[in-house]
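First the structure, in the form of structure tokens, and then the observations on it.
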Amino acid sequence: MPTLETTRSDAPTEVRQPRRTADRDRRRAAFTGPRLAPGRYLAVEDGDEVIMFAVGEKAMHLGRSVSSDVMLEHLSVSRRHAVVVRRGEDTVILDDRSLNGVQVNGERVRDAVLRHGDAIRLGEVALRYVQVD
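Residue numbers (my numbering): 132 to 264.
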């Protein structure tokens, strides 16, 4: 009688995290290697990489929509999830009426001034604010 035996493989299984950013945004990213130019950035973990997006003078829209400046491909992210804007010397993140909200350092916010190292969550997607002087 035939038996069902599982074959054992000694090779480890590679576990890869799914990509969170669209390919078009990965090409536009401001990552310049181990040293970044002075400025303000949003860092997104994307699989095994960290992608850096420069925060400019114009508003930066984050969401799942193809019209977003940074398109995050995760179902927990709303099409229009958040906006990052400059207000004088401050960088501010605003919730754009998202379903799952915006969290900064574990606290849900409607808007918040960002400081270097702040942890941001849009739905289940984690980002970090980085300021290089």
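Each residue gets a CB set at the ideal place from its N, CA and C atoms; glycine is no exception.
Keep in mind the model is a prediction, meaning the values are calculated, not measured.
Bounds of any beta strand (DSSP E) do not take in valine 197, whose DSSP letter is neither H nor E. Here arginine 217 carries a strand assignment [DSSP, helix/strand/coil]. When DSSP states are grouped into helix, strand and coil, glutamate 176 belongs to the strand group. Annotation: arginine 166 is outside any beta strand (DSSP E) and is labelled neither H nor E by DSSP.
Under the three-state reduction of DSSP output, glutamate 238 falls in the strand class. Distance check between serine 207 and each of Ala257, Asn231, Arg166, Asp226 places Asn231 closest, using alpha-carbon atoms only. Look at alanine 257 here: in three-state DSSP terms it is strand. Here valine 235 has Ala243, Asp249, Ile251 as same chain residues with Cβ atoms under 6 Å from its own Cβ, once five neighbours each way along the sequence are excluded.
Measuring C-alpha to C-alpha distances from arginine 195 to each of Ala185, Ala213, Phe184, Gln262 identifies Ala213 as the nearest. Rounded to whole angstroms, the gap between the alpha carbons of threonine 222 and glycine 170 is 11 Å. Taking C-alpha positions only, phenylalanine 184 is separated from arginine 228 by approximately 22 Å. When only Cα atoms are considered, arginine 246 and arginine 259 end up about 10 Å apart.
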